[in-house]
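Trainee:
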Amino acid sequence: MSFEPRIVVFACNWCSYAGADLAGVSRMQYPATTRVIRVMCSGRVTPGFILEAFRLGADGVLVTGCHPGDCHYMSGNQNAVVTVNKTARLLELLGLEKNRLRLEWVSAAEGAHFAHLMIEFTEQVRALGPSPLNNNSQPETQSLSCETTHDL
Amino acid sequence: MQPPTNTPPRIGVFICHCGSNIAGHVDVAAVADYAQTLPGVVFVQRNMYTCSDGGLSQIKDAIVRHELNRVVVAACTPRTHEPLFRDACREAGLNPYLFEFVNIRDQCSWVHMHEPEAATAKAKDLVRMGVARAHLLQPLEEKEVPVEPVALIIGGGMIGMTAALNLARRGFQVKLVEREAELGGLLRHLDRLYPTQDEAQPLVEARIADVKSSPNIEVFTASTLHSLKGFVGNYEVVVQDREGRQSSFRAGAIIVATGAQPLTPTGLYNYDGKRVITQFELEGRFKQGPLAVQRVVMIQCVGARSAERPYCSRICCTTAIKNALEIRQANPTAEVYILYRDTETQGTRYEAYYTRAREAGIQFIRYNPQRPPRVTPDRVLVYDELLGATLGIPYDLVVLSTPLVAREGAHELAQMLKVPVDEYGFFLEAHVKLRPLDFATDGVYVAGTARWPAHLEETIAQAYGAAARAATILTKETVVSSGVVARVNEALCRGCGRCVEICPFGAPTLVEGASGLPVARVNAIMCKGCGACASVCPTGAMQACHFTDEQVTAMLRAALEAR
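Listed below in structure tokens is the structure:
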């Protein structure tokens, strides 16, 4: 089944967001399936943000940050590795495929890499099909609120 | 005029056509109509160029006339234009942090150029996300801190020295740090300069003498940057020499002028440093005295424009021409062959220089990278594309034109300065066209071949440019620190100290709170706003201002709302 996945991309301000801009400056084309949320650092992304995205029906979540060693805040991207790994395990517990969630490094110089990722991750998520939580309506009762899920 | 934060949001949305850059691929009118329907939006306007003087005045007028307390601009990218729009808000009396940027050009119209409907739908989503976040924006306070009117220049080559003298003559103190035992950099090893064939040494020595006699410049030779702390206007610098002696000082701005180094072509074209040498080594031979050679073959693009190193090093064609002419100058009967792929001699002077070389009898033979020349012990074999035949050229000397590559240690320096390098290790500027000498990090600038290979007149112009950019900081009495910092709600903090552990900048510390128990407190000047502390805070006491949990979650909700 082919469908248009809804994908949330978290991009760090210094590397990946700039890489996303460079893809545009270079007029690289990719599917309009992704919505970027800018954060200062990939280390700002919490398990709560990721789980909230899935609760709201996202079919995939991609966290992007500076390459190891290049973090504007030195070690923020290392924190992102920890966050994404533990959240992936939680997704499995929740019955979601863990490869709906990915962490990738995109530098400010890697516009082509960013564009390629958008294409490839879209295909990956499309192959998985719609998220079981994506019923295109907002569930009222679940409570994976970001305020309470920090300390997983 | 500052609205209290508890007044209901009155949001103005400005949507930029960016000429046809956005409007050519996104139905801007439809996005504007849609924005009008979003909660809290009381004013929507489209502009041909929102960043124009006219666009900015319209924002300021609308803030006053429609009592806007939030402004959303949907346009290019915050990376280049957020400061401009924030200033417009500030000038109209609105706290600049009540401004939200929505990127519908670089990350929408330009990447979905053949799907106008999908691009328009995405632009609407992005505007909805921006408006949702705008509802929750809070005014933030910026702190003013004094500027240390001292420049740190890393690299004492021609470019570092030129920037140093320029700043010193404006009256600033300059600390010039050079890794080698002597100033002068790469130029110190060159014989003559193109296109004038002037000697390099007098130029370098004059510049060194000027630096040494300047009362405002302190030179640290055989020294490197040991550690760096602080932020724009207030860097704490430690420099260390080879004996391990350290010097500490404060600096307000930093210029990176560490240059580049020629590639040593180990394993290519039988390079041996004796009969097969590099252009850089040829310069050294020129300096030892007249060169006794009758037949010289130069090979261009050695280790450049290849799969491993796809870039053009820019200086090699003119360098080969210069050195060919220099060989002919010393020995008018010498034969010089330049085996090239494409000759890059742009501009008014360099094209004439190339013509001059041809007229002087330098032989240019084009080779195909698929059939590269071969260096045998007695001759160079090259398949001449134009003749369609392989030529065997006997030689006394083979000279390989190798590219400039990033300096060893450039990556480590970049990490210390927290600035990026590109995939080849060259320093990466904030914007290739609009901010060519700035890094994204405030107060740090780049000039010369540390950025990429360039001609001397270009890099000297960069040195003046970087000095001028640094002076924009150094002339200020104070700089304003960002309002994007972490803040603690002490009532929620239980003093666990996880924020203290995770912060690489030492911004949060545990202090005694009102109740006598430990609570975290953030030094706003030291905080860089990454939000790592807020991400690990188990109680929600730590807030990453401008990127709060609520703000990010509101964007998520808006992004995933059923359409």
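So the protein lines, in turn, are chains A and Z. Be aware that the first sequence starts at 145, since it is given in our numbering, and climbs by one per residue. Be aware that the second sequence starts at 480, since it is given in our numbering, and climbs by one per residue. C-beta: ideal position from N, C-alpha, C; glycine also. None of these values were measured; they are calculated from a predicted model.
1) What is the residue span of the beta strand (DSSP E) that V624 of chain Z lies within?
2) How many angstroms separate the CA atom of Q938 of chain Z from the CA atom of P915 of chain Z?
3) Leaving aside the five residues before and after C290 of chain A along the sequence, list all residues of the same chain whose C-beta is less than 7 angstroms from its C-beta, in chain order.
4) Going along the chain, which residues of its own chain have a beta-carbon closer than 8 angstroms to the beta-carbon of G1010 of chain Z, five neighbours each way excluded?
5) Please confirm if the stretch 801 to 809 of chain Z is in contact with the stretch 837 to 847 of chain Z, defined as three or more CB-CB distances below 8 angstroms between the two stretches.
6) Does the stretch 582 to 594 of chain Z come into contact with the stretch 161 to 169 of chain A, if we say contact requires no fewer than three beta-carbon pairs (one atom in each stretch) closer than 8 angstroms?
7) List the residues that DSSP assigns as beta-bridge partners of V854 of chain Z.
8) Find the nearest neighbour of Y528 of chain Z within the set Z:P811, Z:H560, Z:V958, judged by alpha-carbon distance.
9) Which residues bound the beta strand (DSSP E) around C156 of chain A?
10) Roughly how far, in whole angstroms, is the beta-carbon of A945 of chain Z from the beta-carbon of V967 of chain Z, given that I think they are within contact range, below 8 angstroms?
11) Can you give me, in chain order, the residues of the stretch 916 to 940 of chain Z that have a beta carbon less than 8 angstroms from any beta carbon in chain A?
12) Pull up the distance between the alpha-carbon of F651 of chain Z and that of A950 of chain Z, whole angstroms please.
13) Can you look up E678 of chain Z in the DSSP assignment and give me helix, strand or coil?
14) Ordered along the chain, which non-local residues of its own chain (more than five positions away) have a Cβ less than 6 angstroms from that of A613 of chain Z?
15) For chain A, find out if any of its Cβ atoms is closer than 8 angstroms to the Cβ of C1009 of chain Z; answer yes or no.
16) Report the three-state DSSP secondary structure of R801 of chain Z (helix, strand or coil).
17) Hey, out of A:V228, A:R182, A:L235, whose CA is closest to F198 of chain A's CA?
18) Which whole-angstrom value is the C-beta distance of G976 of chain Z and M1005 of chain Z, which I expect to be below 8 angstroms?
19) Answer with buried or exposed for N582 of chain Z, where buried requires no fewer than 16 other C-beta atoms within 10 angstroms of its C-beta.
20) Using a Cβ-Cβ cut-off of less than 7 angstroms, list which residues of the stretch 883 to 916 of chain Z approach chain A; keep chain order.
21) Kindly indicate which residue of A:P175, A:P274, A:A155 has the alpha-carbon position closest to the one of A598 of chain Z.
22) Checking contacts by CB at 8 angstroms: is E196 of chain A closer than that to chain Z?
23) Can you list, in chain order, the residues of its chain with a C-beta nearer than 7 angstroms to that of I501 of chain Z? Leave out the 5 residues immediately preceding and following it.
24) Sorted by chain position, which residues of the same chain lie with C-beta nearer than 8 angstroms to V510 of chain Z's C-beta, five sequence neighbours on each side aside?
25) Quick one: list the residues of chain Z neighbouring Q173 of chain A, beta-carbon separation under 8 angstroms, in chain order.
26) Taking P856 of chain Z as the reference, which of Z:R793, Z:P899, Z:R754, Z:L704 has the closest Cα?
27) Please list the terminal residues of the continuous beta strand (DSSP E) segment that includes G871 of chain Z.
28) Just curious, the alpha helix (DSSP H) that K708 of chain Z is in, first and last residue?
29) Who are the neighbours of S1014 of chain Z on chain A, taking C-beta pairs under 8 angstroms?
30) Touching or not, the stretch 888 to 895 of chain Z and the stretch 781 to 789 of chain Z, by the rule of three or more beta carbon pairs under 8 angstroms?
31) Enumerated in chain order, which unbroken segments of the alpha helix (DSSP H) with a length of 4 residues or greater are wholly contained in the stretch 199 to 255 of chain A?
32) Please check the pair A926 of chain Z and A942 of chain Z, which I expect to be a contact at CB under 8 angstroms, by giving their CB distance rounded to whole angstroms.
33) For R525 of chain Z and Q515 of chain Z, what's the separation of their Cα atoms in angstroms?
34) Is K601 of chain Z close to chain A? Criterion is C-beta to C-beta, closer than 8 angstroms.
35) Under three-state DSSP, which class holds T292 of chain A?
36) Is it buried or exposed, A893 of chain Z, if we count other Cβ atoms within 10 angstroms and call 16 or more buried?
Mentor: This is what the structure holds:
1) 622 to 625
2) The sequence given here has Thr at residue 938 of chain Z, not Gln. Their Cα atoms are separated by approximately 12 angstroms.
3) Low per-residue confidence applies at C290 of chain A: pLDDT is 39, beneath 50, and the placement is therefore not dependable enough to give any value.
4) A965, A1023, F1026
5) yes
6) yes
7) Z:V859
8) Z:H560
9) 151 to 156
10) Not confirmed; about 38 angstroms, so no contact.
11) A919, T920
12) 8 angstroms
13) strand
14) I490, R549, V551, E579
15) yes
16) The sequence shown places Lys at residue 801 of chain Z, not Arg. Here K801 of chain Z sits in helix by DSSP.
17) A:L235
18) About 17 angstroms; that fails the 8 angstroms criterion.
19) buried
20) Q894, K897, P899, D901, E902, L907
21) A:P175
22) yes
23) C495, V507, I583, R584, S588
24) I494, A553, I583, T599, A602, K603, V606
25) V590, H591, M592, H593
26) Z:R754
27) 868 to 873
28) Unbroken run through K708 of chain Z is the beta strand (DSSP E), 702 to 710; no alpha helix (DSSP H).
29) G187, R188, V189, T190, N223, T227, H294
30) no
31) 220 to 237
32) 5 angstroms
33) 12 angstroms
34) yes
35) Residue confidence for T292 of chain A is low, a pLDDT of 40 falling below 50, so the modelled location carries little weight; the figure read from the coordinates is stated next. The answer is helix: DSSP assigns T292 of chain A an H, G or I state.
36) buried
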